[in-house]
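The sequence shown begins at 1 in the UniProt record's numbering and counts up by one. Note that CB positions come from ideal geometry on N, CA and C, so glycine has one too. As the structure is a computational prediction, the values presented were derived from the model and not from experiment.
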Amino acid sequence: MRNNIYIIYLLLLAVLPVHSRNTSLFSVYEITCEQQIEPSGIGSKSPRFSWKVACQQRGYRQSAYRILVADTEDALTADKGTVWDSGTFLSSNSVLVPFQGKELHSATRYYWKVKVWNEVGEESAWSRQGSFVTGIMKERDWGKAQWIALEKDDSAKNLYPGIHAPLVRKMIGDRKVGGYKLPMFRKELPINKEVKEAIVNISGLGHFDFYINGEKVGNHFLDPGWTNYAKTALYQTFDVTALLKKRNVMGVMLGNGFYNVPRERYFKQLISFGAPKVKLALSLRYADGSSEVVVTDRSWKVCESPITYSSIYGGEDYDARKYQVSWMNPGFDDDSWKTPVIAKTEMELKAQVSAPLTVRDILPVVRKYRNSKGNWVFDFGQNFSGIIRLKVKGHSGHKITMKPGELLEKDSTVNQRASGGPYLWNYTLSGKRVEEWQPQFTYYGFRYVEVSDIEKLELVELTGMHTTNSAPEAGSFSCSLPMFNKIYELIDWSIRSNLASILTDCPHREKLGWLEVAHLMQHAMQYRYQLDGLYSKVMGDIKDSQTQEGIVPSIAPEYVRFADGFENSPEWGSAFIIIPWYVYRWYGDKSLLSAYYPYMKRYLEYLSTRADNYIVAYGLGDWFDLGPKHPGYSQLTSNGVTSTGMYYYNALIMSQIAKLLGEEKDEERFTQLAICIRKAYNENFYNTATKQYDRNSQTANAISLYFGLVEEQNRELVYQNLINDIKNRNYALTSGDIGYRYLLRVLEENGDSDIIYKMNTKYDVPGYGWQLAYGATALTESWQAYGFVSNNHCMLGHLMEWFFSGLGGISQQRESVGFKKIKIKPQMPIGINSASTSYTSPYGDIACRWVRKSGRIRLYVQIPANSEAIVYLPAKTVEEITEGGIPLKDVGECRILETHNENYILVSVGSGNYIFEM
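Dropping the structure here:
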């Protein structure tokens, strides 16, 4: 039947009027492979293609596409799909279309393009040509590449699993863990042929910088991403064709990262997987058709680098006197260098799918002064994750010490008590002219840098370098209330500061992947950044950390097993089920659901073993809520409420995933499990007399409502109890890390953004305003902005989600996937007169901007091609609404929906730009 339809469609195309490709009113733009533009290191055998469509007319819908993939640019230019030609394929899908062509080869660049048809058979021009570079498709394609190192792995220096710092002496005495030297490697590479293509795949543990002819390859920082190195390591892929000459030198410098944490200075936990090592394969294809692979082996040379100390927790030291000036030049005398040691490892090497870390911003010093100790303090005016660039001039052998920190003591010395210390950067001068240096393999969260021992120096200048995950920005927000714009920036700085190769809790003291933030802040962060790659990486980390019993620890990678509830808490471990479901709903990507489904089932089954008559009651609960004591364990809500609530939410999600994947028996089983949990939850935590849950905390009532645990006949009463509690506290919040997101969600879903506004415009009680009044420039760990905990934490940043979905009005309809069906419903609390919000969905740019003036509201809406929306217009009658100056009922592209909502008129629209006024 489908073939017959296809033939009829082609016949229609043949008889329809011919439309010039150059005069089409629509075109294809931003073509991506695996959601990336021009990606390198594609490890999938069936990579997926996506594209967006720009259209001058409203209501565009795609009806078909054709994709060509070729192995040369010339073939693609000639419209020859030498690797894959999809043919004209009838489909409206433009997101994550899987490759179905010939087998892809390792370390190869492929070229592709796409064209589309609209509903009436009009054809677009071809898109621009895109490309992607494959990584290592098969293990054997590494060829004879070996792991090479400066030193042999030493069992006396190695330690895995790691040990929490307070327990180190008790467990291992004075054993010197992780005391390996940091190496640099070189290899000369003469090339006597014309190079057509040169692709390198490289992994250096813990971190590497790779050079060709003295130029660093790429602008990445801290490659590769952190993993559980007992199981997995990541590699990066680079196209280095343009860097090669007839005489070449490849150079590699290595740092420690989490692969090797030395027992010196500060460390949150002590761990070492072995000596730093590197593995590399350079695939060369020549113009004459020949090829070869250059690999790491004993033909390379190695010596100790000028980096004399490097720790992800303790800082970095560099002795410029040890730098060998010409080591990356051909002909350099490396006779004193050693032959590398061949290292044995058993971890699996995988392509890095998360965006690399890069330097995002350069921050100037805003103030410089001497403190009570006579040291200079450099103030960058902003708390951020990153490093410094030092510019200095002085005599050889002079050592300058730099101590970064978020806060200052009363005597203006740097305070590292809450951020972990001592953490230092030490630089020893070579004495040769003006010298510049920046740490290569470590970073910290800081605003201030205290610099000592600079009296005899002729020049000392510092520049701040903000490092973060380079995931593309996806959304923007601003409004008429300056306080909310400041809160937006406050949260955003904390998000960026904790977007590493994992989502960290803080950029200094721990740098660990605490999992509750990964799902609770997921929507908030996805509005701002495209994070599908990062979440794919996080899921791999969780899977590697899951135990045989099915336990998902609270951190991933789990370098160390904590205790006292921190090792395994359901609100944290549930990320393993919630994250891939949210990724599917947000991006339309169900690959994580398919890949990890068996492991997600194991976690839900583990939670069932911890349940007592369907009640799970262990873990950390609503961490850092606002109770009478200092923040920490939940004070106002029983941990059975949050743990069992998550248990129920997991069962609901797993039933939907099972249905999506065609697992009918699992769907039935998980649905029944959810029913049993809900019944037990209400029997244990619902007070039928007071219509309250647990102790009537904001978190208890909000979680019960959001997860759907409340019986329908009780929802209005429970919700009113929640509102009463907020009002009785004069709109002060009490929810913590777990509950606050759900509190905001419930208030927004019930149209009570006026209450959200009142709760979050207060300076006199702990909250965002309190933090701003305290002088915070990034979101702090505690609502109270305490100095004894982190001052750069994104775990309480849930208002960001409301900025976009509530105040900004951009979300998707309940049944929608990947923002195919958009919901535009801005909520306009008194006190705000305008808001402007945008989000780039898989289909293109969504925008919502509203202005309220003189009793009238103007709403600007943009819907991307190949998607549609329902717009909620705040009006009583259709007659009072215009679109583009025309009465709404006369606008053909706006279909007015029948609704019983007395506060809104609902309108269904296709793609395009709209201006509503009412």
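* In terms of alpha-carbon separation, which member of Lys-889, Asp-74, Ser-131 lies closest to Gln-35? -> That would be Ser-131, whose Cα lies nearest to the Cα of Gln-35.
Can you tell me which of Ala-54, Val-195, Ile-31, Pro-628 puts its alpha carbon nearest to the alpha carbon of Leu-25?
If we check each option's Cα against that of Leu-25, Ala-54 comes out closest.
message: Please report the straight-line C-alpha distance between Arg-265 and Ala-563, rounded to a whole angstrom.
response: Whole-angstrom Cα-Cα distance: 24 Å.
Check your understanding: Apart from the five residues just before and just after Phe-819, which ones in its own chain have a Cβ nearer than 6 Å to its Cβ?
Key -> In its chain, beyond the 5 residues on either side, Gln-812, Ser-841 have a beta carbon closer than 6 Å to the beta carbon of Phe-819.
Where DSSP assigns a beta bridge to Tyr-648, which residues make up the other side?
-> Answer is none; Tyr-648 lacks a bridge partner.
Gly-178 and Lys-157: beta carbons closer than 9 Å? Yes.
As a quick exercise: from Arg-298, Pro-628, Ser-501, Gly-769, pick the residue whose alpha carbon is nearest that of Val-341.
Closest option to Val-341, Cα to Cα, is Arg-298.
| request: For the beta strand (DSSP E) holding Gly-386, just list the boundary residues, first then last. | output: First-last of the beta strand (DSSP E) with Gly-386: 376-393.
* Asked: Taking the Cβ atom as the reference point for each residue, do residue 919 and Tyr-529 lie within a distance shorter than 9 Å?
  -> Residue numbering for the chain in the displayed model covers 1 to 918; residue 919 lies beyond these limits and cannot be assessed.
For a test of the three-state rule: what should DSSP assign to Asp-319, helix, strand or coil? Here Asp-319 sits in strand by DSSP.
Q. Since Cys-894 is in the beta strand (DSSP E), which residue starts that stretch and which ends it?
A. Per DSSP, the continuous beta strand (DSSP E) segment holding Cys-894 begins and ends at 894-896.
message = By DSSP's criteria, Trp-117 is part of a beta bridge. Which residues make up the other side?
response = Trp-117 is bridged to Ala-64, Glu-123.
### Straight-line gap, Asp-666 to Tyr-597 (C-alpha atoms, nearest Å)
Asp-666 and Tyr-597: Cα-Cα distance of roughly 11 Å.
TODO: Check whether the stretch 87-95 touches the stretch 39-47, counting contact only when three or more Cβ pairs, one atom from each stretch, lie closer than 8 Å.
DONE: Touching, no, given that fewer than three Cβ pairs across the two stretches are closer than 8 Å.
- Message: Excluding the 5 residues flanking Asp-589 on each side, which residues of the same chain have their C-beta closer than 7 Å to its C-beta?
- Response: Result list for Asp-589: Leu-96, Asp-532, Val-583, in chain order.
Do Leu-280 and Val-249 have their beta-carbon atoms positioned less than 9 Å apart in this structure? No, the Cβ-Cβ distance between Val-249 and Leu-280 is not below 9 Å.
| said: Applying the 10 Å Cβ sphere with the 16-neighbour rule, what's the burial state of Glu-898? | reply: Under this definition Glu-898 is an exposed residue.
Three or more beta-carbon pairs under 8 Å between the stretch 791-807 and the stretch 458-469, yes or no? No, they do not touch.
The stretch 163-172 in contact with the stretch 68-84 per 3-pair CB rule at 8 Å: These segments do not touch.
Open item on the list: So for Ile-738, helix, strand or coil by DSSP?
Closed with: In this structure, DSSP gives Ile-738 a state outside helix and strand, which the three-state scheme calls coil.
Proximal residues to Glu-30 (C-beta, below 6 Å), its chain only, five neighbours per side dropped
Cβ within range, chain order: Lys-52.
Requested in this report: To the nearest angstrom, report how far apart Cys-676 and Gly-645 are at their CA atoms.
Outcome: Looking at the two C-alpha atoms, the distance is approximately 12 Å.
Original post:
Going by the C-beta, is Gln-269 closer than 8 Å to any heavy atom of the ligand FAD?
Top reply: This structure does not include the ligand FAD; it has no bound ligands of any sort.
Taking the alpha carbon of Val-560 as the point to measure from, which residue in Asn-903, Ala-145, Ser-124, Phe-273 has its own alpha carbon closest? Answer by Cα proximity: Phe-273.
For chain D, is any of its Cβ atoms less than 9 Å away from the one on Tyr-423? The displayed structure is made up of one protein chain only, and chain D is not part of it.
* What are the boundary residues of the beta strand (DSSP E) that Tyr-211 is part of? -> For Tyr-211, the uninterrupted beta strand (DSSP E) segment begins and ends at 207-212.
* Any chance you could list the beta strand (DSSP E) runs of at least 3 consecutive residues sitting entirely within the stretch 663-707, in chain order? => Within the stretch 663-707, there are no complete beta strand (DSSP E) runs of at least 3 residues.
* Inter-residue spacing [alpha-carbon to alpha-carbon] between Gly-627 and Leu-512 -> Here the C-alpha atom of Gly-627 lies approximately 26 Å from the C-alpha atom of Leu-512.
Problem - Beta-carbon proximity list for Glu-103, same chain, < 7 Å, skipping 5 on both sides - result: Nothing listed; no residue qualifies.
query = Which of the three DSSP states, helix, strand or coil, is assigned to Phe-221?
reply = Reduced to three states, the DSSP call for Phe-221 is strand.
- Message: Starting from Gly-289, trace the alpha helix (DSSP H) in both directions and tell me its first and last residue.
- Response: Counted as a single uninterrupted DSSP element, the stretch harbouring Gly-289 is not any alpha helix (DSSP H), since DSSP gives it neither H nor E.
Query raised in the report: Are Gln-440 and His-798 close, meaning C-beta to C-beta below 9 Å?
Result: Contact annotation: Gln-440 and His-798 have beta-carbon atoms that are not nearer than 9 Å.
**Q.** Nearest to Ser-501 (by Cα), restricted to the options Gln-100, Gln-352, Gly-619
**A.** Of the listed residues, the one whose Cα sits closest to Ser-501 is Gln-352.
Would you mind giving the Cβ-Cβ distance between Phe-185 and Val-302, rounded to the nearest angstrom? I have them listed as a contact below 8 Å. Indeed, because the Cβ distance is near 5 Å, the residues count as touching under 8 Å.
Worksheet item: How long is the line joining the alpha carbons of Tyr-606 and Ile-551, rounded to whole angstroms?
Response: A direct Cα-Cα distance of roughly 6 Å separates Tyr-606 from Ile-551.
### Given 8 Å, three or more beta-carbon pairs between the stretch 386-395 and the stretch 567-581
With fewer than three CB-CB distances shorter than 8 Å, the stretch 386-395 does not count as touching the stretch 567-581.
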